[in-house]
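Here's the structure, in structure tokens; my notes come after.
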Amino acid sequence: MIELAKTTVAIAAPVGTVFNYVTNMENYIDWFPGVVAIRSANNLAHGIVGKKYLETLSLPEGDVEMEIKVHRSEINKLFLMQGNLTGLLTQMTVRFTADEKNNCNLSLQYHSRNPELTCTSDMIIALREDLAVRAEQGVTRLKALLESM
């Protein structure tokens, strides 16, 4: 896998609150820049392995739609989504830990699962630059949203 972006943030909210908000991917549009639309694609509960969504993203070359699916989920610890975006095969990994005050430390990572790409692929280089900025903006928005609830 090729890492595309990685960032962390401390959120003054309980881990359970942050986990429940983040794992409802319909909330993703409210905190991650470039998400044009997102909706459930099956009737499974949010955060459950197998839950699917249809996501429309704004990319430099235009809007694209992809299906994303919960691949792994460990309550209050780990949430891993995989997408079928042609050429990239995206993966989003979110890790949650509690500090001594029961506030949440969140780690957000994006990867490409496409074995045909390399770190020097033009697509990877361009996406890394764009996604690094979006990830930082996203966790900043997420922190502000959750700390104001």
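If you want our numbering, it's the 1-based position in the sequence shown plus 52.
C-beta: ideal position from N, C-alpha, C; glycine also.
Computed from a predicted model, the values in this text were never measured in an experiment.
Identity of the residues DSSP links to residue i by a beta bridge
i           : result
residue 135 : 120
residue 193 : Residue 193 pairs with nothing; no bridge assigned.
residue 98  : Answer is none; residue 98 lacks a bridge partner.
residue 115 : 110
residue 60  : 159
residue 164 : 54 and 142
residue 73  : Partner(s): none; residue 73 has no beta bridge.
residue 173 : Paired residues: none, contrary to the question.
Reduced DSSP category for residue i - H, G, I as helix; E, B as strand; rest coil
i           : result
residue 67  : helix
residue 201 : coil
residue 87  : strand
residue 151 : coil
residue 184 : helix
residue 7   : Any answer about residue 7 is impossible in this case: the structure gives the chain only from 53 up to 201.
residue 126 : strand
From the options, residue whose alpha carbon lies closest to that of residue i
i           : options               : result
residue 193 : 57, 62, 55 and 99     : 62
residue 132 : 99, 115 and 138       : 99
residue 197 : 80, 103 and 94        : 80
residue 118 : 139, 128, 112 and 125 : 139
residue 191 : 201, 85, 128 and 68   : 85
residue 116 : 137, 180, 201 and 142 : 137
residue 112 : 199, 153, 54 and 186  : 186
residue 72  : 129, 179, 114 and 95  : 129
residue 159 : 195, 96, 95 and 168   : 195
residue 199 : 169, 157, 168 and 179 : 157
residue 127 : 155, 201, 70 and 65   : 70
Spatial neighbours of residue i in its chain, beta-carbon cut-off 6 Å, leaving aside the 5 residues before and after
i           : result
residue 161 : 58 and 145
residue 101 : 122 and 125
residue 75  : 98, 99 and 131
residue 183 : 56, 57 and 162
residue 34  : The shown model of the chain, from 53 to 201, leaves out residue 34, and the question about it has no answer.
Contacts around residue i, its chain only, beta-carbon distance under 8 Å, and the 5 residues preceding and following it disregarded
i           : result
residue 188 : 59
residue 53  : 143, 163, 164 and 165
residue 141 : 134, 135, 164, 165 and 166
Same chain, Cβ closer than 7 Å to residue i, neighbours up to 5 away in sequence not counted
i          : result
residue 96 : 102 and 103
| With a cut-off of 8 Å, do at least 3 Cβ pairs link the region 88-98 to the region 107-117? | yes
Counting beta carbon pairs with one atom in the region 144-158 and one in the region 168-185, are three or more of them shorter than 8 Å? no
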